[in-house]
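Report on the structure given below.
Residue numbers (our numbering): 3 to 99.
What follows is the structure in structure tokens.
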């Protein structure tokens, strides 16, 4: 298991996302950080306000998490890429308990 990582960048903290909760369609609704569960909207707002930065580990590589808005619904979602053709590594994280 990967340990909890906190990096302090002045006023911004960087946190490791270790697990996800998805709906039946496979969309990520919540993420796990340090044993706590947070809604996608909450995490997106913290990214947009520059309060926090988030990352995950994919194949042993640290990847940044971005908050975007869905083009048709305008709902926030989290992804590890801004290119819709590339895979979102968050979708491959284990399910949060």
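Note that CB positions come from ideal geometry on N, CA and C, so glycine has one too.
With a CB to CB cut of under 8 Å and the five nearest residues on each side skipped, what residues in its chain are close to residue i?
i          : result
residue 71 : 77, 78, 79
residue 26 : none
Here's a check: name, in chain order, each residue in its chain whose Cβ is nearer than 6 Å to the Cβ of residue i, leaving out the five neighbours to either side.
i          : result
residue 48 : 54
residue 41 : 32
residue 23 : 31, 32, 98
residue 56 : 17, 19, 67
Return the residue from the list the options that minimises the CA-CA distance to residue i.
i          : options        : result
residue 19 : 26, 43, 39     : 39
residue 67 : 61, 82, 60     : 82
residue 59 : 23, 52, 24, 91 : 91
residue 61 : 44, 50, 37, 94 : 94
residue 21 : 37, 45, 52     : 37
residue 69 : 17, 96, 46, 63 : 46
residue 51 : 28, 14, 96     : 14
residue 35 : 44, 75, 29     : 44
residue 65 : 89, 96, 73     : 89
What is the DSSP secondary structure of residue i, reduced to helix, strand or coil?
i          : result
residue 75 : coil
residue 15 : strand
residue 97 : strand
residue 92 : helix
residue 58 : strand
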